[in-house]
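Novice: Heads up: the sequence shown runs through residues -15 to 134, numbered per our numbering.
Provided herewith is a single structure, encoded as structure tokens, for subsequent inquiry.
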Amino acid sequence: EELKELKEKNKIDTADENIKNNLEWIAPQEKPFNTVDNKWYYVVWRSNEKDNWRIVKFKNINNLEEGKKYNIDKLNDDTLDMYYIKGETNQLLTVYDSKRKLIIPWNNKFENGAFPPLKKWIKSVYRWNLDTQEPDLIIDNDGNVKVNGE
């Protein structure tokens, strides 16, 4: 019930019903990257608190082996990656902080609880649930997702 409320609260504000009904906000606890679904994902992230938020999209087509990662985006020397970390049971969306040599999972902790929360690197993740042309999304200065042109 709480997840349903969060999904409704995080729907983007758009007049386009197709986008409103098929662009789904995703929570870390849903573990969306455990299986390859060939869907487009949009991630709002930054490399440090002084940087502006940015939005990137990627298609979830990689079934990684343990210990392997797939680079999605790079900002300064930091990267946004899909990573199957040794000892974890899931592929994780992570940010690599090159300055501190830290891998930071989307929800700021590993499954074994070994990682304390630091700061917000990944603001939001959305999935496009159709096989048709994905929407052209942008963000405002606060990192809120919007449809380009609205």
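By construction, the Cβ of each residue, glycine as well, lies at the ideal position given by its N, Cα and C atoms.
Can at least three beta-carbon pairs, one atom from the region 41 to 56 and one from the region 14 to 31, be found at a separation below 8 Å?
Specialist: yes
Novice: In terms of alpha-carbon separation, which member of Val109, Gly133, Ile10, Lys83 lies closest to isoleucine 39?
Specialist: Taking the sequence shown and counting its residues from 1, the one referred to as residue 39 is at position 55. Of the listed residues, the one whose Cα sits closest to isoleucine 39 is Val109.
Novice: Thinking C-alpha only, which one of Leu64, Lys70, Val129, Leu76 is nearest serine 82?
Specialist: What you label residue 82 is simply residue 98 of the sequence shown in a count that begins at 1. Checking every option, the nearest Cα to that of serine 82 belongs to Leu64.
Novice: Looking at the secondary structure, which residues open and close the alpha helix (DSSP H) in which leucine -10 lies?
Specialist: Within the sequence shown, numbered from 1, the residue matching residue -10 stands at position 6. Leucine -10 -> alpha helix (DSSP H) spans -14 to -7.
Novice: Who does serine 82 pair with in a DSSP beta bridge?
Specialist: Position 98 of the sequence shown, counted from the first residue, corresponds to residue 82. Answer is none; serine 82 lacks a bridge partner.
Novice: Could you have a look at asparagine 36 and say whether DSSP puts it in helix, strand or coil?
Specialist: Residue 36 sits at position 52 when you count from the first residue of the sequence shown. Three-state DSSP puts asparagine 36 in coil, outside helix and strand.
Novice: Helix or strand or just coil, what does DSSP make of proline 12?
Specialist: In the sequence shown, counting from the first residue as 1, residue 12 sits at position 28. Of the three classes helix, strand and coil, the one that applies to proline 12 here is helix, per DSSP.
Novice: Mind checking leucine 121: buried by the 16 CB within 10 Å criterion, or exposed?
Specialist: Position 137 of the sequence shown, counted from the start, is the residue given in the question as residue 121. Buried, by the Cβ-count rule.
Novice: Just how far apart, CA to CA, sit asparagine 91 and glycine 133?
Specialist: On the sequence shown, residue 91 is found 107 positions in, with the first residue counted as 1. On the sequence shown, residue 133 is found 149 positions in, with the first residue counted as 1. For asparagine 91 and glycine 133, the distance between alpha carbons rounds to 31 Å.
Novice: Should asparagine 125 and asparagine 36 be called a contact, given that it needs their Cβ atoms to be closer than 8 Å?
Specialist: By 1-based counting over the sequence shown, the position of residue 125 is 141. By 1-based counting over the sequence shown, the position of residue 36 is 52. Yes, they are a contact pair.
Novice: In terms of residue numbering, what span does the beta strand (DSSP E) encompassing lysine 53 cover?
Specialist: Translated into positions along the sequence shown, residue 53 becomes position 69. Element bounds for lysine 53: 53 to 59.
Novice: Who are the Cβ neighbours of lysine 15 in its own chain at under 8 Å, not counting the five residues just before and after it?
Specialist: For this step, residue 15 is matched to residue 31 along the sequence shown. Result list for lysine 15: Asn74, in chain order.
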